[in-house]
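Colleague: Here's a structure for you.
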Amino acid sequence: MIEAPLVDAHCHIITDPYNKIPTNNDFINDNITRGIMSNNCYDWERLQKYLIQANINITKTKQFAGFGIHPWYSHLFTFKPIDSSDTHFKFNHYKEVITFKDSDLPLLKNLIDSIFPDPIYIEDYINNIDFSKIDIIGEIGLDKSFTIPSNGFYQTSRDDNVTRTRLRVSMNHQLKIFERMLQLATTHNINVSLHDVNCHLKLFDLSKSILLDNSNVNICLHSYTGSIEFLLTQWIKTFTSNRLYLSVSEYINFKNGSSNLNFKQIPSRCILTETDYVIDYPENKNELMNQSLNNTLTHLTNQLGLNSINDTTQLIYNNFNNFMHINQ
Ligand SMILES: [Zn+2]
Numbered sequence: 001m002i003e004a005p006l007v008d009a010h011c012h013i014i015t016d017p018y019n020k021i022p023t024n025n026d027f028i029n030d031n032i033t034r035g036i037m038s039n040n041c042y043d044w045e046r047l048q049k050y051l052i053q054a055n056i057n058i059t060k061t062k063q064f065a066g067f068g069i070h071p072w073y074s075h076l077f078t079f080k081p082i083d084s085s086d087t088h089f090k091f092n093h094y095k096e097v098i099t100f101k102d103s104d105l106p107l108l109k110n111l112i113d114s115i116f117p118d119p120i121y122i123e124d125y126i127n128n129i130d131f132s133k134i135d136i137i138g139e140i141g142l143d144k145s146f147t148i149p150s151n152g153f154y155q156t157s158r159d160d161n162v163t164r165t166r167l168r169v170s171m172n173h174q175l176k177i178f179e180r181m182l183q184l185a186t187t188h189n190i191n192v193s194l195h196d197v198n199c200h201l202k203l204f205d206l207s208k209s210i211l212l213d214n215s216n217v218n219i220c221l222h223s224y225t226g227s228i229e230f231l232l233t234q235w236i237k238t239f240t241s242n243r244l245y246l247s248v249s250e251y252i253n254f255k256n257g258s259s260n261l262n263f264k265q266i267p268s269r270c271i272l273t274e275t276d277y278v279i280d281y282p283e284n285k286n287e288l289m290n291q292s293l294n295n296t297l298t299h300l301t302n303q304l305g306l307n308s309i310n311d312t313t314q315l316i317y318n319n320f321n322n323f324m325h326i327n328q
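Just so it is clear: in the sequence shown, position 122 is 122 by the UniProt record's numbering, and no numbers are missing.
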């Protein structure tokens, strides 16, 4: 029997507005089947370039493309068509979607004047997408803890001297973006990969109201941090173990070697592995990726009481194919 490849159900590509082309082929790793997320307009462009290269160089494994607007980039998008005759359009947009204290108004004004890009009309962004080429709607979700960095938004390789501000994207705006992304998933029958920080109930309720009736859409909860009870009694009970998946990372789920969940209680068919790493970041060499996935597999092998890491690798690969509706 051919050995199953490793699965990275949720990873990323660099967000760099100044360089949207991967600079080398270091990312070529034919051992890992990947679901590669996009979070914003910059990494989405880069992902297109990556996939062209990957299609030529990667033959044994599959690379799945994610299209999403991550909550950390949700302020860059507007629901109003751009009115270039309105000189206050940009200012009004950011002032509306960002929550701030009065004392932070000068900081916000400065960011709007000199740091934030012009907002993007979300429907224009969506209209340019060929959804037949999208495999996953992700990364999308809600984040209650996120604060906007001083350079406007997270950029993978340009975070020197960046500080966290006290500015936040309003939950109302995050919810609108998340809702629009879920609608895309159900309209086009595409699976989702979800980010949730301290919004467990809101994320579940909205996902349920939009996705439950469409059994073509499977759900992956990435680096899940909610409780085991909520997972079992809400997510799995509602969507069943046929549709609900959990992608498990070394960094979040096995922090310091101990797990945040009792995996024995979770149906093993629901479990996937992920790194959540940026695959083309210079320091994230192939060895590091393989190592992280192998560490997660080792933890899972122990927790699930499986015979060997090969068994776990095979299980995760089968699960991922089920998640992606791929008949084996
Ligand atoms: Zn992620």
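Here a beta-carbon is modelled for each residue, glycine too, at the ideal position from N, C-alpha and C. None of these values were measured; they are calculated from a predicted model.
Where in the stretch 232 to 276 do unbroken runs of the alpha helix (DSSP H), each at least 4 residues long, occur, reported from the N-terminal end onward?
Modeller: List check, alpha helix (DSSP H) in window: 237 to 243, 250 to 253.
Colleague: Assuming contact is defined by CB atoms lying nearer than 9 Å, are I266 and N260 in contact in what I supplied?
Modeller: No, these two residues do not count as a Cβ contact at 9 Å.
Colleague: Any heavy atom of ligand 1 closer than 8 Å to the CB of E139?
Modeller: Correct: E139 has its Cβ closer than 8 Å to ligand 1.
Colleague: Taking all protein chains shown into account, do 16 or more other C-beta atoms lie within 10 angstroms of the C-beta of L211, making it buried, or fewer, making it exposed?
Modeller: Per the 10 Å Cβ criterion, buried.
Colleague: Does at least one heavy atom of ligand 1 sit under 8 Å from the Cβ of D276?
Modeller: D276: yes, Cβ under 8 Å from ligand 1.
Colleague: Do three or more CB pairs link the stretch 41 to 51 to the stretch 136 to 147 at distances below 8 Å?
Modeller: No contact exists between the stretch 41 to 51 and the stretch 136 to 147.
Colleague: Does the beta carbon of G152 sit closer than 9 Å to a beta carbon anywhere in chain B?
Modeller: Protein chain content of the structure displayed is limited to a single chain, and chain B is not contained in it.
Colleague: Would you please state the rounded distance, in angstroms, between the beta carbons of S247 and C220? I believe it to be under 8 Å.
Modeller: Correct: roughly 5 Å between the Cβ atoms.
Colleague: Check whether the Cβ of S223 lies closer than 8 Å to any heavy atom of ligand 1, and answer yes or no.
Modeller: Yes; taking the cut-off as 8 Å, the Cβ of S223 has a heavy atom of ligand 1 nearer than that.
Colleague: Consider the C-beta atom of H12 and the heavy atoms of ligand 1; say whether any pair is separated by less than 8 Å.
Modeller: Because some heavy atom of ligand 1 lies under 8 Å away, the Cβ of H12 counts as near it: yes.
Colleague: Just how far apart, CA to CA, sit C270 and N322?
Modeller: Those two C-alpha atoms are separated by around 9 Å.
Colleague: Taking the beta carbon of H88 as the centre, do at least 16 other beta carbons fall within 10 Å, making it buried, or is it exposed?
Modeller: Exposed, because fewer than 16 other Cβ atoms sit within 10 Å of the Cβ of H88.
Colleague: List the endpoints of the continuous beta strand (DSSP E) containing D196.
Modeller: 191 to 197 is the span of the beta strand (DSSP E), which, as asked, contains D196.
Colleague: Would you report the Cα separation of L182 and S207, rounded to the nearest angstrom?
Modeller: Near 7 Å, if we compare the C-alpha coordinates of S207 and L182.
Colleague: Measuring CB to CB, does K62 end up less than 9 Å from R34?
Modeller: Yes; because the gap between Cβ atoms is below 9 Å, this pair is in contact.
Colleague: Are I177 and P71 closer than 9 Å when you measure CB to CB?
Modeller: For I177 and P71, yes; Cβs fall inside 9 Å.
Colleague: Is H195 near ligand 1 - that is, is its Cβ less than 8 Å away from at least one heavy atom of it?
Modeller: Yes, the Cβ of H195 comes within 8 Å of a heavy atom of ligand 1.
Colleague: Measure the C-alpha to C-alpha separation of F27 and H12 and round it to an integer number of angstroms.
Modeller: Rounded to whole angstroms, F27 to H12 spans 11 Å at the Cα level.
Colleague: Bridge partners for I98 per DSSP, in chain order?
Modeller: The partner list for I98 (beta bridge, DSSP) reads V169.
Colleague: Counting only the same chain and skipping the five closest in sequence on each side, list residues whose C-beta sits under 7 Å from that of S268.
Modeller: Excluding residues within five positions, the ones whose Cβ falls inside 7 Å are L304, L315.
Colleague: If you count every other CB in all the chains shown that lies within 10 Å of the CB of I21, and 16 or more means buried, which is it?
Modeller: Exposed, since its Cβ has fewer than 16 Cβ neighbours within 10 Å.
Colleague: D196: buried (16+ other C-beta within 10 angstroms of its C-beta) or exposed?
Modeller: Buried: at least 16 other Cβ atoms inside 10 Å.
Colleague: Buried or exposed for Q291, going by 16 or more other Cβ atoms inside 10 Å?
Modeller: Exposed, since its Cβ has fewer than 16 Cβ neighbours within 10 Å.
Colleague: For ligand 1, I want to know if M37 counts as a neighbour, meaning its beta carbon is within less than 8 Å of at least one of the ligand's heavy atoms.
Modeller: Yes, the Cβ of M37 comes within 8 Å of a heavy atom of ligand 1.
Colleague: Per DSSP, Q63 forms a beta bridge with which residues?
Modeller: Looking at the DSSP assignment, Q63 forms a beta bridge with R34.
Colleague: Please report the straight-line C-alpha distance between H173 and I115, rounded to a whole angstrom.
Modeller: Between H173 and I115, the C-alpha separation is close to 20 Å.
Colleague: Is it the case that the stretch 165 to 172 contacts the stretch 98 to 110, given that we only count it when at least three CB pairs across the two stretches are under 8 Å?
Modeller: Because the criterion of three Cβ pairs below 8 Å is met, the stretch 98 to 110 and the stretch 165 to 172 touch.
Colleague: Quick one: using the 10 Å Cβ neighbour count with 16 as the cut-off for buried, is residue 393 buried or exposed?
Modeller: Because the chain spans 1 through 328 in this model, residue 393 falls outside it and cannot be assessed.
Colleague: State the DSSP-derived secondary structure class of E283, mapped to helix, strand or coil.
Modeller: The answer is coil: DSSP assigns E283 none of H, G, I, E or B.
Colleague: Closest to G226 by CA distance: which of V192, N256, S215, N262 is it?
Modeller: When each option's Cα is compared against that of G226, the closest is N262.
Colleague: Between N198 and the rest of its own chain, which residues show a CB-CB distance below 7 Å, the 5 nearest in sequence each way excluded?
Modeller: Within the same chain, N198 has close Cβ partners K144, S145.
Colleague: Report all residues from its chain with a CB closer than 6 Å to the CB of D280; omit the five preceding and five following residues, and keep chain order.
Modeller: Answer for D280: I13, I14, P22, F27, listed in chain order.
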